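So the sequence shown is numbered by this note's numbering: it starts at -15 and just counts up by one.
We put the CB at the ideal spot given by N, CA and C, even for glycine.
Fair warning: this is a prediction, and the values are worked out from it, not measured in the lab.
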Amino acid sequence: MSDVITETLDDYIKTQVLEAWKGPKTVPEQEYFTSGHRTCQGCESALVMKLMAKAAGPRTIILGSTGCMYVANTTYLSTPWSVPWMHTQLGSSGSAATGTAAGLRALMRKGKMEKERINVIAFCGDGGGADMGLSAISAALQHTEYNLLILMYDNESYANTDIQVSGSSPYGANSTFSPPGKERRIMHRRWKKNTAPMLAAGHPECKYVATVCMSYAVEAMNAVRKALSIGGPTFIHSLDPCPKGWDYDPMFSHELGELAVETGIWPLYEIEEGKIKMYGKSKRIVNGQMKRKPVQDYLLRQGRFAHFIDEDIEYFQAKTDEMWEKWLIPGVLPFSAEA
Ligand SMILES: Cc1ncc(C[n+]2csc(CCOP(=O)(O)OP(=O)(O)O)c2C)c(N)n1
Ligand code: SF4
Ligand SMILES: [Mg+2]
């Protein structure tokens, strides 16, 4: 955990060694994101914050860009964070993470603080990360001399400002910027941006990129622990069901996360040192131990797709099949049965 370093001058650039947890029983009870937040009932992104903080442990600094996980978590004079936390501008998770890691290192080098392995995590939403802050994240992933994790919690819209469409919103979703109308049923016609592999492909020196979903909490926490231990800048992309933006009963958040994975819409994988490795149910699908469920099992559970007719579902299914059959990361990492 939080080793105090005294041996050599270079030790302060080392990471904490956070072993993988073997199962729920080995996960400590201590929380670092506690009561005092005001997210919606069933908000999966709040669970991401809670378990991300748990996985990282006490010697951690967390930076958060604007969005639901900033606004709803830091209402005036109240906060659920019990580790040091700082807000940063909407597109700045990458620069905040690099600046904090660089600042810690400078203070340690100058002897102004004890040499200690401190985790630096910056989180951002899909609007802040996949759209507005992509360049800063890219810059952070090129600075291999700093240890940091950028976690993008993806609720598939600019949720905090009332569910506007983002580059990460799925095809056809109803949002305040893409409401279905009489003349045009599908207003949002772009396919979801493939952020995690795009960042992996473009930053070959980045040692770790992963996709997670908190319906598979131990795996997701272990991804955070690996990202913080491996060294250098790392990136995790989490898919987070959002009852308000996706329009479903909050009690189904966990189940929708599972369905996203089981239908193959959200594949779970790690890209470690350039090699892609599927895990969990996605690995079972690749290995032929499990069949993908039809995408309609996921889509028709959400009000944001309530205007879909058969041809829309067929299109969504065909695009998802294409991803599994032809590519996972186009032109870079061919999708193979070697999971
Ligand atoms: C530069 C800038 N533009 C616009 C806003 C207004 N704004 C605040 S939160 C937000 C939505 C961010 O969406 P996302 O990053 O996906 O996070 P979410 O709200 O979905 O959690 C926007 C547009 C802002 N704070 N800063
Ligand atoms: S709008 Fe969605 S992401 Fe924002 S607090 Fe509510 S459930 Fe969470
Ligand atoms: Mg969002």
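Counterpart residues of residue i in DSSP-defined beta bridges
| i | result |
| --- | --- |
| Glu254 | Ala194 and Lys261 |
| Cys108 | Met136 |
| Trp175 | Answer is none; Trp175 lacks a bridge partner. |
| Tyr142 | Gln148 |
Enclosing beta strand (DSSP E) for residue i [first to last residue]
| i | result |
| --- | --- |
| His221 | Pro217 to Leu223 |
| Met325 | Residue coverage of the chain in this structure runs from -15 to 323, which leaves residue 325 outside it and unanswerable. |
| His47 | Note that residue 47 is Leu in the sequence shown, not His. Element bounds for Leu47: Thr44 to Ser49. |
Sub-9 Å separation of residue i and residue j beta-carbons
| i | j | result |
| --- | --- | --- |
| Glu254 | Val193 | yes |
| Leu125 | Val104 | no |
| Met205 | Val11 | yes |
| Ala106 | Ala81 | yes |
| Glu15 | Lys38 | yes |
| Gly51 | Gly151 | no |
| Leu118 | Pro217 | no |
| Ile269 | Gly248 | yes |
| Leu74 | Cys108 | yes |
| Lys34 | Pro68 | no |
| Met171 | Leu31 | no |
| Ala327 | Lys6 | No statement about residue 327 is possible, as the shown extent of the chain runs from -15 to 323 and does not include it. |
| Ala40 | Gly78 | no |
| Ala184 | Gly258 | yes |
| Asp233 | Gly26 | yes |
| Leu252 | Lys277 | no |
| His291 | Arg174 | no |
| Lys128 | Glu189 | For clarity, residue 128 is Thr in the given sequence; the question names Lys instead. It is a contact, given that the beta carbons lie within the stated cut-off. |
| Met53 | Thr23 | yes |
| Tyr200 | Lys176 | no |
| Asn158 | Asp110 | no |
| Glu13 | Cys226 | no |
| Ile46 | Ile102 | no |
| Ile297 | Gln280 | yes |
Where residue i sits in the DSSP three-state scheme
| i | result |
| --- | --- |
| Gln14 | coil |
| Ser199 | helix |
| Ala321 | Bear in mind that the predicted position of Ala321 carries a pLDDT of just 43, short of 50, making it unreliable; the figure below should be weighed with that in mind. DSSP places Ala321 in coil when its eight states are reduced to three. |
| Pro314 | Low confidence applies to Pro314: its pLDDT is 47, below 50, so where it sits in the model is not reliable enough to give any reading. |
| Thr(-1) | coil |
| Tyr54 | helix |
| Glu309 | helix |
| Leu240 | helix |
| Leu(-7) | Per-residue confidence for Leu(-7) stands at a pLDDT of 47, beneath the threshold of 50, marking its modelled position as unreliable; no derived number is given. |
| Gln301 | helix |
| Gly248 | coil |
Span of the alpha helix (DSSP H), counted from its first residue to its last, around residue i
| i | result |
| --- | --- |
| Trp5 | Segment: none, Trp5 is in no alpha helix (DSSP H) and carries neither H nor E. |
| Gly186 | Thr179 to Gly186 |
| Gly78 | Ser77 to Arg93 |
| Trp230 | Pro227 to Trp230 |
| Ile121 | Leu118 to Gln126 |
| Asp281 | Gln280 to Leu283 |
| Glu28 | Glu28 to Ala40 |
Is the segment 124 to 141 touching the segment 213 to 222, taking contact as three or more C-beta pairs under 8 Å?
-> yes
Any contact of the segment 274 to 293 with the segment 206 to 215, i.e. 3+ C-beta pairs under 8 Å?
-> no
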